[in-house]
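Encoded as structure tokens, the structure appears first; notes follow it.
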């Protein structure tokens, strides 16, 4: 289907120009990055901006920067680039593991992690992973730069804490020595490109502590705080695993849709949680 | 709507084009330039039949706005087989890899990208590379066989 509603296309070369455009057009501007979500929304008529601001020409957005204690993944960094990054593979294997599951290679050559969290569809693959890694979203506007913890970023399906006039420049992910193992599990209808029916990201920490986040089983990706509290200090055993999976119903609120039923999602989340915990602590 | 002038290298030729912001790269390739190998299937990035090489990388041309292509290098299947059928295409022909052929251009473009950067891909690499190209006729096996058969050999 062709795009029916016209818009102006701008491709600013600097932050200043981009932020000026976003400030000027506020809610009537759409930010274009990899375009794998936005162009579909333009076709559907879900979004009808007056102005599309393509941020790909802004210098310095497409880099993965390794700093002391953290990695900065720029807004222009595609999932394909994340998969190829030796530094991320070494320091943040969970990020690379999740990136590999996004769409198909043709999509990963365009789609970005920052775009993924800005689109904020409930089944996004980056959400659970960034939640367990305690990442921050770096936001810039004409008034300056601030960071928003990922835990406060997702407000609802396709709703984020980003305000009109603001631009996400990067996600910042800390390197934490206390993370001993991790894993990302994604359930799809078939191997190959598919959106998640359900997903879970797990980080096993020093001192038998765990961080757990689910995706595609609620309006936003969420940390499973009750399960984390139950598991704290416990070594993984069959009894502990069934205690954890028995608490899944209290954490998540999946819906029935075209990709899976509510019951199937709940059932598989219990299984993926048990399997994921085993894998994260090296038992699988 | 105001037209935008873009310059792009398309199948080895430098072109200057007048495009509308709301046109996709796929529409410009097919309608303005008459390059009909990229097809419009799902028009939302799921089926892969609009795949083209964009600065050497396989992308969905239905998900790129035409003005984004300014300054880029684009290669469609027409460009890939400019000097005659490639060994991969010949092998696919030999193995009856396609029936209806609607997925063929996208499939070949994705496999060509893979073979250009990875001379000896594993079966897993092949499946991953064409994982976003849907075929409803031949069940993928002869397509994968063809890619395997030409891997590690000469020109792509």
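Chains as they are written, first to last, in the working numbering: chain A, 379 to 662; chain B, 16 to 171. The C-beta atom is built at its ideal place from N, Cα and C for all residues, glycine as well.
- Taking the Cα positions, residue 36 (chain B) is about 15 Å away from residue 433 (chain A).
- Here DSSP, grouped into helix, strand and coil, assigns residue 107 (chain B) to helix.
- Between the alpha carbons of residue 626 (chain A) and residue 619 (chain A) lies a gap of roughly 11 Å.
- Between residue 543 (chain A) and residue 401 (chain A), the gap from beta carbon to beta carbon is short of 8 Å.
- Against residue 503 (chain A), chain B offers no close residue; the least beta-carbon distance is about 15 Å (beta-carbon pairs closer than 7 Å).
- Counting only runs of 3 or more residues that sit fully inside the region 431 to 479 of chain A, the beta strand (DSSP E) segments are 442 to 445 and 448 to 452, in chain order.
- 430, 432 and 434: these are the residues of the region 427 to 438 of chain A whose beta carbon lies less than 8 Å from some beta carbon of chain B, given in chain order.
- Ranked by Cα distance from residue 437 (chain A), the options A:481, A:466 and A:548 are led by A:548.
- According to the DSSP assignment, residue 514 (chain A) belongs to the beta strand (DSSP E) that extends over 514 to 519.
- Remark: fewer than three beta-carbon pairs, one from each stretch, lie closer than 8 Å, so the region 410 to 427 of chain A and the region 517 to 528 of chain A are not flagged as touching.
- Under the criterion of beta carbons closer than 8 Å, residue 413 (chain A) and residue 80 (chain B) qualify as touching, at roughly 7 Å.
- Chain A places a beta carbon closer than 8 Å to that of residue 58 (chain B), counting this residue as a contact.
- Beta-carbon to beta-carbon, residue 33 (chain B) and residue 18 (chain B) are separated by about 5 Å, close enough to satisfy the 8 Å threshold.
- Non-local C-beta neighbours of residue 442 (chain A) in its own chain, meaning closer than 8 Å and more than five positions away in sequence, comprise 449, 450, 451, 452, 455, 459, 460, 463, 465 and 466, ordered along the chain.
- Around residue 157 (chain B), the same chain offers 110, 111 and 112 as residues with beta carbons nearer than 7 Å, after the five sequence neighbours per side are excluded.
- In the structure shown, the three-state DSSP call for residue 598 (chain A) is coil.
- In the DSSP assignment, residue 127 (chain B) falls within the unbroken alpha helix (DSSP H) covering 119 to 132.
- For residue 532 (chain A), the three-state secondary structure derived from DSSP is strand.
- Excluding sequence positions up to five before and after residue 612 (chain A), its CB lies within less than 7 Å of the CB of 586 and 618, all in the same chain and listed in chain order.
- The beta-bridge partner set that DSSP reports for residue 398 (chain A) is empty.
- For the pair residue 148 (chain B) and residue 125 (chain B), the CB atoms are nearer than the 8 Å cut-off.
- Contact between the region 548 to 567 of chain A and the region 464 to 484 of chain A is present: three or more C-beta pairs spanning the two stretches fall below 8 Å.
- With the rule of 3 Cβ pairs closer than 8 Å, the region 77 to 92 of chain B counts as touching the region 22 to 29 of chain B.
- For residue 487 (chain A), the chain B residues whose C-beta falls within less than 7 Å of its own C-beta are 72, 73 and 74, listed in chain order.
- Residue pairing of residue 69 (chain B) in beta bridges, as defined by DSSP: B:72 and B:89.
- In the structure shown, residue 483 (chain A) adopts helical secondary structure according to DSSP, grouped into three states.
- Taking the C-beta atoms as reference points, residue 511 (chain A) is found no nearer than 8 Å to residue 602 (chain A).
- With contacts defined as CB atoms closer than 8 Å, residue 535 (chain A) and residue 597 (chain A) qualify as a contacting pair.
- Nearest Cα to residue 143 (chain B) within the set A:479, A:532 and A:508: A:479.
- For residue 523 (chain A), the enclosing beta strand (DSSP E) has its first and last residue at 522 to 527.
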